[in-house]
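Chains as they are written, first to last, in our numbering: chain A, 2 to 536; chain B, 2 to 514. Backbone N, C-alpha and C define an ideal beta-carbon position, used for all residues, glycine too. It should be emphasised that the depicted structure is a prediction, and the values quoted were computed from it without experimental measurement.
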């Protein structure tokens with residue numbers, strides 16, 4: 002397989018193709034014109050064309066991206082599938098794409114979840130469907146671009162631009178408070194990222210190089226290439242602290258870390274089902290990915306400074322505990338899952354900043370697992386909401402008898418989200434706690450106790466929805482999930498079991514990158530403390 | 002390649018150096034004759050407008066020829082450098098936009114004054130003169146020519162009371178600010194005995210006038226005069242009323258093009274005659290820039306009248322542009338022009354949509370756009386591009402992002418790194434998201450009111466302005482290098498012609514040679 006892919010030059014064209022394909026799909030979807038305003042497009046059949054084209058595009062995208070799994074060489078450190086063309090020579094920005102093991106997994110997760118997200122919207126998006134599917138496609142390009150770019154300016158461009166489709170998806174197809182939620186989401190994220198822009202410009206300028214231009218004159222050109230910035234950017238510890246702060250804010254809002262998380266419950270709850278899935282499964286990971294790719298390796302001196310690290314770890318653990326406690330008291334099931342994300346992502350942050358190979362690998366696993374489990378939970382919530390039009394836990398009760406298939410899935414997914422051994426959730430959290438225990442035993446112990454609360458809030462909610470007495474008349478006639486929904490959930494459930502039982506292939510592909518991350522950070526941190534000592 | 006150096010003391014060579022300017026002025030005079038030759042009628046108005054656009058296109062071609070012709074001049078009242086030609090290109094693009102919009106706007110408001118187009122042409126000849134000026138007298142001449150034409154343009158709709166009110170305010174405050182400027186020029190002349198920019202700086206350095214009270218007061222008055230023209234806080238009060246009252250195309254013209262020209266002259270005077278080592282007022286400039294960014298954006302949040310919102314946004318943008326001047330470098334100059342280009346495109350695009358949406362004399366409120374997406378998807382998408390461009394958002398806002406980026410880069414690259422200004426710039430950009438996004442939100446997420454009138458079909462020229470600006474914004478938003486290539490190379494010859502090795506030298510050091 003590996004040889005076959007190489008023989009067709011797969012390595013050279015795959016990344017730009019993955020970026021371009023959704024855009025082409027979006028253009029084709031939009032060319033179909035629009036259904037009359039106010040029409041139920043699912044009932045009238047007008048949604049057939051856009052959703053068909055979009056899902057087909059996503060399927061093609063996913064199949065194409067699967068080749069990466071085979072083409073990627075897990076024993077090589079450094080960028081693979083690199084693609085590099087000139088873009089803005091006078092500003093020293095290039096269009097550079099490439100993958101390491103971490104980005105590879107994130108790209109696969111993205112193409113996988115997006116395929117399901119579009120398939121899962123088939124009956125829930127009933128108006129303006131062509132615009133919806135086009136935005137979903139454009140969003141994919143934006144998110145994939147962030148994972149792939151190896152140029153800081155390009156990274157920033159993708160980072161910002163993916164806000165727009167999400168803003169529209171939440172704002173147009175969302176719930177009752179959708180306008181407030183979408184604006185809050187947009188502004189919060191933008192505050193963080195614009196300061197990051199200043200930091201990126203600064204970094205590009207300090208790694209300027211003298212370049213001979215086409216006409217023979219010499220010019221100082223800033224350099225935004227990731228590798229060049231890593232190799233040449235030398236900043237004073239003081240400046241590094243500010244720059245790290247700018248990157249930290251951008252990514253911490255996205256993760257979201259406590260206390261920057263307040264946009265998340267609003268956006269998650271108001272978004273349409275697929276929007277919540279994409280937000281939880283992929284967009285939150287962009288924040289943690291940013292920490293691993295940029296914030297920590299670029300400024301290890303600042304990130305590993307004892308005080309900074311203590312604050313971040315403290316916030317991570319507060320997030321873990323706080324998210325779990327708030328979930329415990331939520332009457333709205335969707336909001337409960339939204340807050341549980343704060344808790345899970347706290348684990349990721351703990352793993353990254355504990356900085357052992359194990360904890361970082363664990364953090365990466367949690368990122369993938371959370372993508373699968375929480376995505377699946379949001380899909381299930383969406384299904385039951387479509388049938389009963391309420392998400393209040395108290396409105397249900399005892400429906401396990403009415404919808405057995407649905408119930409079985411919900412129980413299974415909840416158990417994986419809790420981290421039951423044998424499901425994917427266990428592997429990641431276990432690795433994080435194991436790794437963190439070496440460097441920060443106290444924090445690891447606090448985080449471990451939270452696992453119990455996590456079990457409590459989800460199982461309690463599941464109990465109230467599925468198992469209490471069936472005391473409401475409207476719940477007696479809910480249809481069980483249909484074939485399309487079964488087809489939608491099957492891959493997610495398969496992924497949950499696979500990663501729980503046999504995560505080795507995934508871990509093997511991420512291990513070199515995780516090791517390299519820890520090595521780079523430690524080496525560079527030592528370097529920067531040494532140079533600070535000299536001054 | 003050698004430079005073709007004009008000797009400005011020889012009349013023929015001076016004429017050559019002023020060729021595009023003279024072309025536009027001469028053409029404007031002929032068109033003035035043609036405009037009053039026939040009785041007023043809608044058809045005549047259209048024909049004069051179309052001819053004016055043609056004249057601008059020819060002048061644009063001449064300017065671009067000069068840009069690539071590698072010309073320079075000896076020290077004199079007129080600058081011959083790429084900064085001037087690039088500024089002319091931006092100004093002429095804005096003029097074409099204003100003419101195109103005013104043809105359609107006149108049709109809709111049943112105005113038949115064909116002279117309007119000629120007034121726009123005269124104003125832009127004043128602006129081109131401003132871009133060329135290297136002597137305070139020429140600066141004054143350019144400002145007057147530009148302003149007098151704009152005063153009459155603001156009041157061109159004789160039947161509208163709001164237009165008359167706006168015009169009167171504009172005239173009174175404009176005259177007031179010109180007085181400041183003139184007084185400043187007089188004091189500077191009194192202190193240095195010179196009006197040429199280059200000469201002033203040499204005199205100040207030779208005679209050690211850095212602390213001369215006469216010069217300090219003179220420069221302060223000049224700063225105030227320019228601050229009025231570019232509507233910087235606290236000299237911005239006139240802008241919202243005037244912008245609100247004027248006909249839509251004229252407002253766009255004043256907000257984008259007039260401002261660009263004033264900025265171009267401001268930059269040249271500030272950097273060539275009073276660079277940092279000469280003037281103590283540079284710190285004041287930083288303060289004004291911060292105040293302008295913060296106040297312009299903060300009050301913009303309150304506006305529900307679309308034109309007033311854009312007026313405050315134009316004040317805020319003046320603050321952003323002042324960051325480029327505060328950088329005080331060649332990169333700052335390039336960034337200023339690039340930003341002005343992006344701002345011109347976005348402003349004319351947005352005003353094209355206001356022209357379509359306006360009904361009679363009533364102001365267009367943001368809420369009038371509610372649900373626009375459901376009836377006019379292209380208008381709504383266009384407006385989204387323009388709003389995002391004004392906000393400086395990447396890809397969707399296209400070149401708007403790179404304009405901001407360029408200014409940030411210039412500010413951080415300056416010898417005295419302007420980090421504070423850079424941070425204020427991005428933070429106020431977040432504030433501005435509040436009102437630009439509001440427009441987008443209203444168009445896409447609010448339902449259309451049942452009784453809301455359907456806007457009429459978009460007329461040809463308006464469509465042209467909209468499509469051309471949106472396309473340029475988006476294309477340059479992906480490939481900014483198409484323009485930046487020239488912006489970075491073009492600007493360096495700001496002072497005396499020094500063909501080699503000036504590309505990366507900051508203006509300040511270049512000028513002290």
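First and last residue of the uninterrupted beta strand (DSSP E) at residue i
i	result
residue 478(A)	No beta strand (DSSP E) holds residue 478(A); DSSP gives it neither H nor E.
residue 99(A)	94 to 100
residue 74(B)	72 to 74
residue 7(B)	5 to 7
residue 47(B)	Not the beta strand (DSSP E): residue 47(B) falls in the alpha helix (DSSP H), residues 43 to 69.
The alpha helix (DSSP H) enclosing residue i, as first and last residue numbers
i	result
residue 63(A)	49 to 72
residue 12(A)	11 to 32
residue 218(B)	214 to 230
residue 139(B)	137 to 155
residue 81(A)	Segment 81 to 89 is the beta strand (DSSP E) holding residue 81(A); no alpha helix (DSSP H) there.
residue 349(A)	334 to 355
residue 277(A)	274 to 279
Short Cβ contact (9 angstroms threshold) for residue i with residue j
i	j	result
residue 141(B)	residue 182(B)	yes
residue 244(B)	residue 256(B)	yes
residue 269(B)	residue 71(B)	no
residue 103(A)	residue 515(A)	yes
residue 418(B)	residue 391(B)	no
residue 286(A)	residue 107(A)	yes
residue 325(A)	residue 458(A)	yes
CA nearest to the CA of residue i, picked from the options
i	options	result
residue 232(A)	224(A), 400(A) and 238(A)	224(A)
residue 403(A)	467(A), 419(A) and 422(A)	467(A)
residue 448(B)	370(B), 228(B) and 380(B)	370(B)
residue 485(A)	121(A), 76(A) and 32(A)	121(A)
residue 112(B)	406(B), 177(B), 249(B) and 30(B)	249(B)
residue 305(B)	88(B), 146(B), 125(B) and 437(B)	437(B)
residue 289(B)	225(B), 272(B) and 148(B)	225(B)
residue 158(B)	106(B), 149(B) and 195(B)	106(B)
residue 180(B)	195(B), 227(B) and 209(B)	227(B)
residue 251(A)	284(A), 410(A), 136(A) and 61(A)	284(A)
Cβ of residue i within 9 angstroms of any chain B Cβ
i	result
residue 497(A)	no
residue 106(A)	no
residue 183(A)	yes
residue 20(A)	no
residue 168(A)	yes
residue 12(A)	no
residue 23(A)	no
residue 323(A)	no
residue 226(A)	no
Test: residue i CB closer than 9 angstroms to a CB of chain A
i	result
residue 511(B)	Annotation note: pLDDT 37 at residue 511(B) (below 50); position unreliable, coordinate value reported separately. Not one chain A Cβ lies under 9 angstroms of residue 511(B).
residue 1(B)	Absent from the structure is residue 1(B), since the part of chain B shown begins at 2 and ends at 514.
residue 438(B)	yes
residue 389(B)	yes
residue 266(B)	no
residue 56(B)	no
residue 492(B)	For residue 492(B), the predicted structure reports a pLDDT of 48, less than 50, and the residue's modelled location is therefore unreliable. A value from the coordinates is still provided. Chain A contact via Cβ: absent.
residue 414(B)	yes
residue 505(B)	In this prediction, residue 505(B) has a pLDDT of 36, which is less than 50 and means its spatial position is unreliable; what the coordinates show is noted afterwards. True, the Cβ-Cβ gap to chain A drops below 9 angstroms.
residue 342(B)	no
residue 377(B)	no
Exercise for the section: Could you say if the region 470 to 486 of chain A and the region 345 to 353 of chain A meet the contact criterion of at least three C-beta pairs nearer than 8 angstroms? Expected result: no
Practice task
Would you check if the region 494 to 512 of chain A and the region 424 to 438 of chain A touch, i.e. whether three or more CB-CB distances between them fall below 8 angstroms?
Solution key: yes
Exercise for the section: Decide if the region 338 to 354 of chain B is in contact with the region 85 to 102 of chain B; the criterion is three or more beta carbon pairs, one per stretch, under 8 angstroms apart. Expected result: yes
Exercise for the section: Could you tell me whether the region 470 to 481 of chain B touches the region 395 to 404 of chain B, where touching means 3 or more Cβ pairs closer than 8 angstroms? Expected result: yes
Exercise for the section: Check whether the region 69 to 88 of chain A touches the region 160 to 178 of chain A, counting contact only when three or more Cβ pairs, one atom from each stretch, lie closer than 8 angstroms. Expected result: no
Problem - Cβ contact (3+ pairs, closer than 8 angstroms) linking the region 238 to 254 of chain A and the region 287 to 301 of chain A - result: yes
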